[in-house]
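This report concerns only the one structure given below.
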Amino acid sequence: MDLTQLLAQYPHEENRLIDLLLDIQKQKNNHFISEQEIQMVAKHIGVSEAKVCSVISFYTLLSFHPRGRYVIQICRDIPCHINHSASIVGTLEQLLGIQMGQTTQNGLFSLEYSSCLGHCDAPPSMRIDGRTYVHLTPDKVKAIISEYRGRTP
Amino acid sequence: MIQLKINNIELSVPEKTTILNAARMNNINIPTLCYYPDLGLQSDCRICVVEIDGQKGLATSCSTKVREGMVVKTNSPRVLNARKTITELILSNHDANCTACPKNLKCELQSLANKLGIDQNRFEPVLRVKPIDTSNPSLIRNPNRCIKCGRCIDVCKNVQGMNVLELMGRGHDAEITPAYGRFLSDESCTYCGQCASVCPVGAIIENDETDRVWKQLHDKDKTTIVQVAPAVRVSLGEALGLPIGSIVTGKLVTALKLLGFHYVFDTDFTADLTIIEEGHELLHRVTNNGVLPMITSCCPGWINYAEQRYPSILSHISTCKSPQQMFGALAKTYFTKIIQKEPKDVIVVSIMPCTAKKYEAKRDEMKSDGIHQDVDIVLTTRELSKMLDQMGVDFAKLDETPFDNPFGITTGAAAIFGATGGVMEAALRTVYEVVNHQPLESIELTEVRGLDGIKETSVELGGNVYRFAVAHSLSNAKTLVDQVSNGTSPYTFIEIMCCPGGCIGGGGQPYGTIQKTRRDRIEATYLLDQSMPLRKSHESPAVKEIYRAFLGEPLGELSHKLLHTHYHSRQHT
Ligand code: SF4
Ligand code: SF4
Ligand code: FES
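Heads up: the sequence lines are chains A and B, in that order.
FYI, the numbering used here numbers position 140 of the first sequence as 140, with every residue one higher than the one before it.
FYI, the numbering used here numbers position 449 of the second sequence as 602, with every residue one higher than the one before it.
Written as structure tokens, this is what we have:
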């Protein structure tokens, strides 16, 4: 669906801004919102481009920059932190050959921090492509990644 | 009335009062940081916290309303500790190099830290240095000093309706920027400076050009001319220890002479001239089926707004340059001839209530000889007060000196340019008389005075009744401009001033401007008008003389060349 069609499904209401932005991102394999899309969204909803930027910048789910097919988001909040999320980050960086904040060369994975994913009872946790994984260990992470690698794109 | 106890004192205050205001009404001071009277509540900084009996967490007094029987403590150990910790945390993410900041000793964060007795910070500095926005001639935005109080966002959004600034990111990395993290010059910022006037710290400030002025004043080969805008004489006193609303015209002239300016002139002179040119332009448009309504052009913030957001209505804007630029053009042509100097050896400085004037002076069109800017440097009222402080001038004790001639004799009509509605009133005083060959019944057009956002009046000219409107602050202007743009405007002539209250509330005026300050400055403005022997621009002998000796006639060839300009679309996206 192109952007104009998508916009047509949304009312000109500010309270639908986030849904709309998420929807735009979902349509794209590289999960980001371009400047041109921001302009069109701002016009459609009737807010300033600065406002749209503000919303995108607030939510870790939304991005200004192209990302990988699968966006891996690791919770950065305290419960995960004290339950060794750092070792999960280390494992992922090693497995994927990238640093936190980067995207793999084949465009398959991006690695990011996220704010609380709401699973403080089962730390450390991460989210990939909308799915949340909890009680992570390095081994579990390896299995999850190879499962994603095995998927046909 | 609600009964409550603050710090063991029994108080009775009206319903819906906030704890903060209840305390202030009773001389109990609660420190604040993000709170600014007249602006929307941010409840952001949490400096104003107090303890309420029976409530677990601390409450922000700026946003919590009083309740019957409430028992409040504003200075308990818990409160003091919280305030101190919050302030230290803010300071740890702030470029606190105070002596290298133009806001030094005027900074609200600095004085808060002082009051709370913070002389060392328990927290490590965590500031990640970000680039400083020096993209435009008017304002400098230094994100490293920003404390994210949100005042600038509020004023830009709700007072100006511009929505240029927003909070980007979150937590520690949060920053306040235009869209895409860009600079002010990339967005349709008007350079009105309202954000600078409410920023509690030095994060948005005018581009300080005092050093440039000192340099020119000390240059033996330069003849220095200064002009002073109408709104400065009713506000400068505040910044130098006099009561708000003091009229300081004579002292101001003395002070400028002390600084070393060779000629101290009055922008009121070209305000009178503006009325003559603009009045004739209006009559010309009315009688020749010209584009109407005509809209005033004295305010560069408004011009920036129109060029960037309403390019389709530019033909409605009077082609008259602003009084600042008319002055510059005459100074660098007519006056340089009188004193037998070359424009390159003459420096024109303006003292303005305005940050957008800095941008206006640098426009390409504003070069009468095609090479030199007509106005070389623009200082805000605040920058002038800084120079006087640097000189150690005891302003209150200065004698009064009149302005120099030939640009020194002015009228009450020019004096009121600084208040919203003033240009309209001044114009109608003249236009009425020119058309109807008799003076207005009452010279004071009270309908267009005061702080209502949009004001209107109607006046009979040559047998027809015409409607006139006035708007100040851009959110109000938008209402009138939308009518113009969709062809439904019922008016013949519209005055628009970008800043709330007009130039007396300009973005370059002394800090702490609130509605009451504006009212006091406006009152002083009209007192000034009343005290003038001449109150209509066309009666100014200086104006008559310049037409006789130099310009010829209103809208004549020379006027067109020197006193009129054109506008262009500068739409961003
Ligand atoms: S100068 Fe005026 S328009 Fe520009 S950001 Fe500040 S308040 Fe907004
Ligand atoms: S720039 Fe100034 S007014 Fe704006 S948020 Fe920062 S500190 Fe507050
Ligand atoms: S002054 Fe009350 S929260 Fe900032």
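Just so it is clear, CB atoms sit at the ideal spot from N, CA and C, and this is done for glycine as well.
From a predicted model like this one, the values you see are computed outputs, not experimental measurements.
- Within the segment 55-78 of chain A, contact with chain B at the beta-carbon level (separation under 7 angstroms) is assigned to S57 and F58.
- Inter-residue distance for B/E553 and B/L393 is about 16 angstroms (C-alpha atoms, whole angstroms).
- If you check the CB distance, B/D191 and B/I569 do not come in under 8 angstroms.
- Taken from the Cβ of B/R304, at least one heavy atom of ligand 2 lies inside 7 angstroms.
- Pairing B/D635 with A/F64, the inter-Cα distance amounts to about 33 angstroms.
- Using a cutoff of 7 angstroms, the CB of B/A356 counts as near ligand 2, since one of the ligand's heavy atoms is closer than that.
- The contact set of B/V317 on chain A, defined by CB atoms closer than 8 angstroms, consists of S48 and A50 in chain order.
- Collapsing the DSSP output to three states places B/Q273 in coil.
- Annotation: Cβ neighbours of A/E35 in chain B (cutoff 7 angstroms, chain order): Y333.
- Proximity of A/C53 to chain B, defined by a Cβ-Cβ separation below 8 angstroms, is satisfied.
- Taking CB atoms only, B/M321 has a neighbour in chain A less than 8 angstroms away.
- In this chain, the beta strand (DSSP E) harbouring B/H625 covers N617 to H625.
- Annotation note: the segment 524-564 of chain B contains the following uninterrupted alpha helix (DSSP H) runs of length 4 or greater, listed N- to C-terminal: 534-544.
- The straight-line gap separating the alpha-carbon atoms of A/Q36 and B/Y344 is approximately 26 angstroms.
- DSSP places B/Q369 within a helical segment (H, G or I) once states are collapsed to three.
- Under the three-state reduction of DSSP output, A/I33 falls in the coil class, being neither helix nor strand.
- Remark: the C-beta of B/K550 is outside contact range of ligand 2, defined as less than 7 angstroms to any heavy atom.
- Annotation for B/C305: the continuous alpha helix (DSSP H) segment containing it runs R304 to D307.
- Residue side-chain check: B/K301 places its Cβ nearer than 7 angstroms to a non-hydrogen atom of ligand 2.
- At a Cβ-Cβ threshold of 8 angstroms, A/A42 and A/V52 count as neighbours.
- B/I657 places its beta carbon less than 8 angstroms from that of B/P506.
- In chain order, K404, T407 and A408 place their CB closer than 7 angstroms to the CB of B/L551, counting only its own chain and leaving out the 5 sequence neighbours on each side.
- Counting only residues of its own chain and dropping the five nearest sequence neighbours on each side, B/T670 has a CB closer than 7 angstroms to the CB of I397.
- In the DSSP assignment, A/I72 falls within the unbroken beta strand (DSSP E) covering Y70 to C75.
- B/I448 sits in a strand when the DSSP states are folded into three classes.
- Selection B/L318, B/G413 and B/F556 evaluated against B/M544 yields B/G413 as nearest (Cα-Cα).
- Taken through DSSP and simplified to helix, strand or coil, B/C473 comes out as strand.
- Setting aside the 5 residues that flank it on each side, B/G565 is surrounded in the same chain by D682, M685 and R688, each with a C-beta closer than 6 angstroms to its C-beta; the list follows chain order.
- Taking 8 angstroms as the cut-off, the beta carbon of B/A622 is found no closer than this to the beta carbon of A/E49.
- In the three-state reduction of the DSSP assignment, B/Y664 falls in the coil class.
- In the structure shown, B/L157 adopts extended strand secondary structure according to DSSP, grouped into three states.
- Look at B/L292 here: in three-state DSSP terms it is strand.
- B/P353 has its CB nearer than 7 angstroms to a heavy atom of ligand 2.
- Residue pairing from DSSP places B/S503 in a beta bridge opposite B/Q380 and B/V531.
- Excluding five sequence positions before and after B/D498, the CB atoms of its chain that fall closer than 7 angstroms to its own CB belong to D374, K375 and T376, given in chain order.
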